[in-house]
Amino acid sequence: MNNMKNIKNLVTVINQCLVIILLSMVAPSYSYAQDDVEAEEGILDGKIPQVKGPRRTVAVGKFDSIGSFAANYGDWSIGGGLSSMFVTALREADRFIVVERANLQQVLAEQELAAGGLTRQEGRPQSGNLQNAQIIIYGAVTEFDAGNKGGGLSLGVSSGALGSLLGGGASLQGKSGTVGLDIRLVDTSSGEIIDSFSVKETAKSRSFDVNAGYKGINLGTNQFYKTPLGQAARKAITKAVQNIARKSEDVKWSSSVVEYDGSEIYLNFGENAGLKSGDKFVVERVIKRLTDPTTGEVLSVRKKELGIITLTGVEERLSYGDYAAIDTTPPERGDMAVKMSN
């Protein structure tokens with residue numbers, strides 16, 4: 136009798152061990168208890184098109200998100216988190232000069248920022264030290280959903296020693312995540328919308344632990360990137376950056392005059408923007424901005440062409456060259472230098 140009882144106990148222990156081994160084979164490759172760290176792997180999961188000409192300067196504002204996200208995901212700042220991921224992705228793309236402005240009032244136009252002394256205005260020096268952004272990227276999170284449909288393996292052990300060890304049962308099912316974004320690109324020189332588009336991506340994972348869910352995971356960490364929502368966010372952001380790279384070529388590249396000494400002229404971009412000797416620019420001065428009296432929207436910008444620059448030298452953040460006048464008005468610090476097609 137005792138032998139039979141011992142055999143049954145042994146069989147029970149063996150079965151429990153087999154289940155534990157099986158769980159370890161299919162369990163997630165990360166631990167929810169570990170400290171959050173900045174992601175070591177990149178955000179982009181696809182190639183970004185080349186952008187012709189010098190690098191455009193872009194700024195990313197904080198993304199809006201609908202209120203229901205806060206109820207579903209607790210302390211997560213969905214808009215702020217995805218905005219930060221977007222900035223990182225733009226830097227990874229290595230196609231732009233990225234200026235962080237997430238903490239500024241993004242509803243202000245670039246001209247209004249300049250008027251407040253936060254950026255340099257065309258035509259006059261300013262004491263502010265923020266770079267002018269040629270493109271401001273606005274976003275809204277339209278979808279951020281962890282799907283509940285699953286499949287795959289489900290192991291339920293709700294009682295006994297093993298059930299207690301696994302917190303009342305383990306269910307390792309296939310999970311999905313969907314992320315949708317609305318993106319607007321604004322040309323800061325005119326206030327016009329260059330382009331607006333939407334992206335939506337869904338990702339599935341069979342190794343995601345639905346019992347643990349997203350508890351203890353913060354946006355922008357290695358843990359988050361391994362979740363279905365993290366994978367979907369990476370895909371959506373990659374598609375958005377690809378679109379931005381294509382559309383940014385529609386924006387004329389411009390720099391600002393740093394100094395003109397009567398023969399040689401200096402600009403405030405250099406190798407960091409991909410400039411090279413031989414590049415040509417037309418120097419322009421803004422003489423009038425026509426704005427809507429009701430909305431303040433810039434309707435048109437009147438400019439005056441002053442001369443042509445041919446670069447003869449390029450440093451990391453500065454370039455210089457010969458100046459040929461086409462107007463009697465000499466260039467001044469703060470005038471615009473618009474890239475010409477060579």
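Residue numbers (our numbering): 136 to 477. Every residue gets a Cβ at the ideal spot worked out from N, C-alpha and C, and that includes glycine.
CA nearest to the CA of residue i, picked from the options
i      : options                        : result
LYS382 : VAL417, ILE272, PHE279, VAL234 : ILE272
VAL195 : ALA408, LYS423, ALA375, GLU419 : ALA375
ARG191 : ALA268, THR356, GLY274         : ALA268
ILE379 : LYS339, LEU434, ASP229, VAL418 : ASP229
ASN403 : LEU446, GLU432, SER219         : LEU446
VAL186 : LYS387, LEU217, VAL314         : LYS387
LEU179 : ALA371, ARG437, ILE444         : ALA371
ARG319 : LYS197, LYS474, TYR458         : LYS197
ILE270 : SER324, SER219, THR223         : SER324
ARG424 : GLY326, ILE232, GLY177, GLU227 : GLY326
LEU453 : SER390, MET475, ARG437         : SER390
ASP414 : VAL433, ARG437, ASP427, GLY456 : GLY456
GLY442 : GLY448, GLY409, THR464, MET220 : THR464
TYR395 : VAL193, SER476, ILE444, SER333 : ILE444
VAL433 : THR362, TYR360, THR373, VAL321 : VAL321
GLU399 : MET475, VAL436, GLY448         : GLY448
GLY409 : VAL334, ARG437, LYS474, THR373 : LYS474
GLY181 : ILE329, GLY397, ARG437, GLN377 : GLN377
SER340 : ILE329, ILE328, THR362         : THR362
Same chain, Cβ closer than 8 Å to residue i, five either side skipped, listed in chain order
i      : result
ALA451 : Note that residue 451 is Glu in the sequence shown, not Ala. Closer than 8 Å at Cβ, skipping near neighbours: GLY405, GLU406, ASN407.
TYR440 : Sequence inspection shows Glu at residue 440; the Tyr mentioned does not correspond to that position. Result list for GLU440: VAL417, VAL418, GLU419, ILE461, ASP462, in chain order.
GLU384 : VAL186, LYS187, GLY188
SER476 : none
TYR401 : VAL392, VAL393, GLU394, TYR395, LEU453, SER454, TYR455
THR426 : GLU432, VAL433, LEU434
VAL436 : SER324, SER325, VAL421, LYS423, ARG424, LEU425
Beta-carbon proximity list for residue i, same chain, < 6 Å, skipping 5 on both sides
i      : result
ALA281 : GLY312, LEU364
ASP470 : VAL392, VAL418, ARG420
GLY258 : At GLY258 the pLDDT is 38, less than 50, meaning the model places this residue with poor confidence and gives no usable figure here.
GLU467 : none
VAL334 : LEU316, ALA371, LYS374, ALA375
GLY215 : LYS197
For residue i, the three-state DSSP class (helix, strand or coil)
i      : result
SER391 : strand
LEU453 : coil
GLU384 : helix
VAL186 : coil
THR223 : helix
GLY215 : helix
GLU406 : helix
ARG500 : Given that the chain is displayed from residue 136 to residue 477, the structure contains no residue 500 and the question cannot be resolved.
ILE379 : helix
LYS415 : strand
PHE279 : strand
LEU320 : strand
PHE198 : coil
LEU441 : strand
LYS474 : strand
ALA338 : strand
LYS374 : helix
LEU446 : strand
LEU364 : helix
ALA228 : helix
THR463 : coil
Residue i, buried or exposed, once every other Cβ within 10 Å from all chains shown has been counted against 16
i      : result
ALA472 : buried
ARG369 : buried
THR429 : exposed
LEU316 : buried
ALA338 : buried
LYS411 : exposed
GLY331 : Going by the sequence as given, residue 331 is Ser instead of Gly. Exposed: under 16 other Cβ atoms inside 10 Å.
ALA224 : buried
LEU217 : buried
ILE422 : exposed
ILE232 : buried
ILE183 : buried
GLY274 : buried
Same chain, Cβ closer than 7 Å to residue i, five either side skipped, listed in chain order
i      : result
ILE213 : SER200, PHE204, VAL276, PHE279
ALA367 : GLY312, THR313, VAL314, GLU336, THR337, ALA338
GLY177 : GLU227
ALA459 : GLY442, ILE443
ALA174 : With a pLDDT of only 40 at ALA174, under the threshold of 50, the placement of this residue in the model should not be trusted, and no figure is reported.
LYS438 : GLU419, ARG420, VAL421, ILE422
Heavy atom of the ligand NAP within 7 Å of residue i beta-carbon
i      : result
ASP427 : Judged by which ligands are present, the structure shown has none, so any question about the ligand NAP falls away.
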